[in-house]
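Structure record follows, encoded as structure tokens.
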Amino acid sequence: MSAPAISVRGLDHAFGQDEARRQVLFGLDLDIAAGELVVLLGASGSGKTTLLTLLGCLREVQAGSVRVLGQELNGATEATRIAVRRRLGFIFQAHNLHESLTARQNVLMGLEVHGRVLRAAEAAAHVLSLLGLGDRLDYLPAKLSGGQKQRVAVARALVGNPDIVFADEPTAALDRDSGRVVVELLRGLGRARGTTTLMVTHDTRILELADRILRMEDGRILAG
Amino acid sequence: MTQVLARLLGRLPIGWLQLTHNRGRLVSALAGVAFANVLVFMQLGFLGALIESIRLPYAMMEADILVQAADANTLQDGSPLPRQRMLQALATPGVASASAVYYGRLDWKQPDGTIRTLDVLGIDPRERVLRAPEVEAAREALMISGTALIDRGTRNVPPALFDGIEAGMPYTIEANNRRVTIVDTFRVGGGFGADGYLLVSDQTFLKIFRSRQAGAPNLVLLRAAPGEDPAALTARLRERIAAPDVAVRTVPEAVARDQRFQTTQRPVGVVFGFGIVIGALVGIIIVYQILATDVADHLREYATFKAIGYRQGFFLGIVLEEAVILGLLGFLPGLMATLGLYALVTQATGLPLAMPLLRPLTVLAGTIALCALSGAVATRRLARADPAELF
Ligand SMILES: Nc1ncnc2c1ncn2[C@@H]1O[C@H](COP(=O)(O)OP(=O)(O)O)[C@@H](O)[C@H]1O
Ligand SMILES: [Mg+2]
Numbered sequence: 000m001s002a003p004a005i006s007v008r009g010l011d012h013a014f015g016q017d018e019a020r021r022q023v024l025f026g027l028d029l030d031i032a033a034g035e036l037v038v039l040l041g042a043s044g045s046g047k048t049t050l051l052t053l054l055g056c057l058r059e060v061q062a063g064s065v066r067v068l069g070q071e072l073n074g075a076t077e078a079t080r081i082a083v084r085r086r087l088g089f090i091f092q093a094h095n096l097h098e099s100l101t102a103r104q105n106v107l108m109g110l111e112v113h114g115r116v117l118r119a120a121e122a123a124a125h126v127l128s129l130l131g132l133g134d135r136l137d138y139l140p141a142k143l144s145g146g147q148k149q150r151v152a153v154a155r156a157l158v159g160n161p162d163i164v165f166a167d168e169p170t171a172a173l174d175r176d177s178g179r180v181v182v183e184l185l186r187g188l189g190r191a192r193g194t195t196t197l198m199v200t201h202d203t204r205i206l207e208l209a210d211r212i213l214r215m216e217d218g219r220i221l222a223g
Numbered sequence: 000m001t002q003v004l005a006r007l008l009g010r011l012p013i014g015w016l017q018l019t020h021n022r023g024r025l026v027s028a029l030a031g032v033a034f035a036n037v038l039v040f041m042q043l044g045f046l047g048a049l050i051e052s053i054r055l056p057y058a059m060m061e062a063d064i065l066v067q068a069a070d071a072n073t074l075q076d077g078s079p080l081p082r083q084r085m086l087q088a089l090a091t092p093g094v095a096s097a098s099a100v101y102y103g104r105l106d107w108k109q110p111d112g113t114i115r116t117l118d119v120l121g122i123d124p125r126e127r128v129l130r131a132p133e134v135e136a137a138r139e140a141l142m143i144s145g146t147a148l149i150d151r152g153t154r155n156v157p158p159a160l161f162d163g164i165e166a167g168m169p170y171t172i173e174a175n176n177r178r179v180t181i182v183d184t185f186r187v188g189g190g191f192g193a194d195g196y197l198l199v200s201d202q203t204f205l206k207i208f209r210s211r212q213a214g215a216p217n218l219v220l221l222r223a224a225p226g227e228d229p230a231a232l233t234a235r236l237r238e239r240i241a242a243p244d245v246a247v248r249t250v251p252e253a254v255a256r257d258q259r260f261q262t263t264q265r266p267v268g269v270v271f272g273f274g275i276v277i278g279a280l281v282g283i284i285i286v287y288q289i290l291a292t293d294v295a296d297h298l299r300e301y302a303t304f305k306a307i308g309y310r311q312g313f314f315l316g317i318v319l320e321e322a323v324i325l326g327l328l329g330f331l332p333g334l335m336a337t338l339g340l341y342a343l344v345t346q347a348t349g350l351p352l353a354m355p356l357l358r359p360l361t362v363l364a365g366t367i368a369l370c371a372l373s374g375a376v377a378t379r380r381l382a383r384a385d386p387a388e389l390f
């Protein structure tokens, strides 16, 4: 097995200053291998989202060590974090599509971040077809259903061939079948390209597809 | 259009797509830019008309050099000159000839009781003082005491009156209790001072303005001998007539000085300059408002793009793209409306409002620069797009 995609040691995190300071993550240790599909479970407020934003280079690491794709994030500059982010894919709870851009254009945004890309339009269309949106390429988000929009967001996250995909309860907006399609696609990518997935979800049908399930409680990862 | 911009920018033209997605906002933004453009264009038009209307009477004078009172800032003010000055000038080698010009302002009462002001020029009709062919043709007629020519461009006078005069029906007016008969017309074009010009002989002038004295004109026009350099001759004249009460200038110098004075010292000129600044400010504020609102409305999308890995420069690019598009698209209707308004104002006031080729280019460049500035300021709000808040 190669170096882990994600490696966390003694990660603490707190929000607020002085009096208002509240610690939400306590000494987390975690390793996720490349190609793994890991599901993160835990009650609301247990710190799942906070952990995801730290691993996704969206927040500064305060204490402890976080290595993502070999890069130490504690003390990393904004430029370093942006460089790592470009190798990640994000699927948010809300689709966060740009209302003025068509499905294909939204997906292109996940590609153009890497500069000029050859055959970008075809690549975007291909990923959308994989997600069953081949006939919705030039639709604006307003003309798509909630599930379709979420699939466009998934396509946007996957089109740049990310090394790690972070998803925070994405299936909330996906209808049952397309939720499974998406996760199967992610699992296939894990097998074929070594794409790692860390996903927060409560969907039991997806739990079956996970390589490993982690449980969080009050800012700690339970042994399991 | 999207394709063209994509080629140009090397990325999706998100600014363009964002602007065209919200048609209502786009239209009001363009109307705002166009409005600011019209404001600036009108002020520039008036300023240009002021500058041009100052030049016109000078351009008519058959002269290379002007001798004016030292306290004169324009053609219309300043003390009369002592007669000596003209003789001194004539005695200077290189001066071919000289003509005196008297200036006075006259209230011309209309049949309906309203008043038009006329700038009255008194000249010696035996000499060629003004270049206009109409004046040349009417010199004979002006020699008869009590006759005059009127400027066809005089404001607020029924055109039928001029038509009648030109058709050979002299029109008699009362000028300071003297009857003056207008026998023909000439053309200067109204300015910002008086409504028009009246041309009379020096003899007639002295009858209208009884306090003025023969031999004390407002202006002496000098013509250089053939082959004489006006600048060199002016220097020689200044030495020759070294009196503190006169100023000797070449015609272009005198025009430039008059224009400088009226545009910077007179309320009209200052107001127009101020108006340009106001117009530009209105434009900046409108564009800033539009772009800042647009940024605020897309904070979530921008936060998403930040998460994906786009840098600050990318967002600045989007807002600048929008700014330039607004500047370009708003400029055209602004220019169109301006051309219409110029024609309208020229028709209504006789002011020479014209659109020199360079002005639209300058205004366009200024519009785009100010839009870009507004856009750059509007991107400050981007700091609030925090990708950590997206999950
Ligand atoms: N931006 C924030 N500022 C302050 N407190 C926060 C912030 N984000 C999350 N928290 C707090 O941190 C704890 C963990 O939240 P979160 O990571 O969102 O949990 P989960 O995703 O498991 O529901 C919660 O108590 C929440 O109130
Ligand atoms: Mg959460």
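Top line first, the protein sequences correspond to chains A and B. If you read the first sequence in numbering that gives the first Met the number 0, its first letter stands for residue 0, the second for the next number, and so on. If you read the second sequence in numbering that gives the first Met the number 0, its first letter stands for residue 0, the second for the next number, and so on. Note that the Cβ used here is the ideal one computed from N, Cα and C, for glycine as well. In this text the structure is predicted, and so the values were computed from the model without any measurement.
- Taking 7 Å as the cut-off, does the CB of K47/A come closer than this to any heavy atom belonging to ligand 2? yes
- Message: Does E173/B come out as helix, strand or coil in the three-state DSSP assignment?
- Response: strand
- Message: I'd like to know whether the C-beta atoms of A147/B and L198/B end up nearer to each other than 8 Å.
- Response: yes
- Message: Do V219/B and V66/B have their beta-carbon atoms positioned less than 8 Å apart in this structure?
- Response: yes
- What are the partner residues of Y102/B, as DSSP defines its beta bridges? L120/B
- Message: Considering only DSSP beta bridges, list what K108/B is partnered with.
- Response: I114/B
- Among N95/A, A102/A, G9/A, which has the Cα closest to the Cα of V65/A? G9/A
- Query: Touching or not, the stretch 294 to 314 of chain B and the stretch 380 to 389 of chain B, by the rule of three or more beta carbon pairs under 8 Å?
  - Reply: yes
- With DSSP collapsed to three states, give me the class of F14/A. strand
- Message: In whole angstroms, give me the CA-to-CA distance for G218/A and I367/B.
- Response: 52 Å
- Query: Between the beta-carbon of R130/B and the beta-carbon of E61/B, is there less than 8 Å?
  - Reply: yes
- Where M0/A falls: helix, strand or coil (DSSP): Residue placement at M0/A is flagged as unreliable, the pLDDT there being 49, under the threshold of 50; the coordinate-derived value follows with that caveat. Coil, per DSSP.
- Task: Compare the C-beta of A306/B against all C-beta atoms of chain A and say whether one is closer than 8 Å.
- Result: yes
- Item | Residues bridged to R195/B [DSSP beta-bridge criterion] | For the sequence presented, residue 195/B should be read as Gly rather than Arg. Answer is L117/B.
- Mind pulling the chain B residues with CB within less than 7 Å of M198/A? Within chain B, no residue comes near M198/A; the closest Cβ sits about 12 Å away, beyond 7 Å.
- Query: Between R177/B and Q109/B, what straight-line distance do the alpha-carbon atoms span, to the nearest angstrom?
  - Reply: 15 Å
- Item | Simplified DSSP state of P243/B, which is helix, strand or coil | coil
- Query: Excluding the five sequence neighbours on either side, which residues of its own chain have a C-beta within less than 6 Å of the C-beta of R127/B, listed in chain order?
  - Reply: E61
- Which of the three DSSP states, helix, strand or coil, is assigned to I149/B? strand
- Task: Compute the beta-carbon to beta-carbon distance between G31/B and I285/B, rounded to the nearest angstrom, for a pair I have assumed lies under 8 Å.
- Result: 4 Å
- Task: Hey, could you find the ends of the beta strand (DSSP E) A392/B is sitting in?
- Result: Because chain B is modelled from 0 through 390, residue 392/B falls outside the range shown and cannot be assessed.
- Query: Taking 8 Å as the CB-CB limit, is Q17/B close to chain A?
  - Reply: yes
- Message: Using a Cβ-Cβ distance cut-off of 8 Å, determine whether L8/B contacts chain A.
- Response: no
- Task: Work out the CA separation of L110/A and R155/A for me, nearest whole Å.
- Result: 8 Å
- Query: Given 8 Å as the limit, is there contact between the stretch 327 to 336 of chain B and the stretch 26 to 42 of chain B, that is, 3 or more CB pairs closer than that?
  - Reply: yes
- Message: By the three-class DSSP mapping on this structure, what secondary structure does R127/B have?
- Response: coil
- How about E300/B: is its C-beta nearer than 8 Å to some C-beta of chain A? yes
- Message: Taking 8 Å as the threshold (C-beta atoms), are R84/B and V245/B in contact?
- Response: yes
- Item | Neighbourhood of R192/A by C-beta distance below 6 Å, restricted to the same chain and skipping five residues each side | none
- Find the nearest neighbour of L388/B within the set I212/A, H12/A, T48/A, L40/A, judged by alpha-carbon distance. First, the amino acid is wrong: residue 388/B is Glu here, not Leu. Nearest C-alpha to E388/B: T48/A.
- Grab me the residues of F89/A's own chain with a C-beta within less than 7 Å of its C-beta, minus the 5 sequence neighbours each way, in chain order. G55, A156, F165
- Item | Alpha-carbon to alpha-carbon, A291/B and M0/A | Per-residue confidence for M0/A stands at a pLDDT of 49, beneath the threshold of 50, marking its modelled position as unreliable; no derived number is given.
- Message: Just to confirm my understanding: we take G278/B, look at its own chain, exclude 5 residues before and 5 after, and list those with CB closer than 7 Å. What are they?
- Response: A35, L38, V39, Q42
- Query: Taking the continuous beta strand (DSSP E) assigned at Q258/B, which residues delimit it?
  - Reply: Taken as a continuous stretch (DSSP letters only), Q258/B belongs to no beta strand (DSSP E), being part of the alpha helix (DSSP H) at 250 to 263.
- Item | E35/A, DSSP secondary structure in three states | coil
- Query: Does the Cβ of F390/B lie closer than 7 Å to at least one heavy atom of ligand 2?
  - Reply: yes
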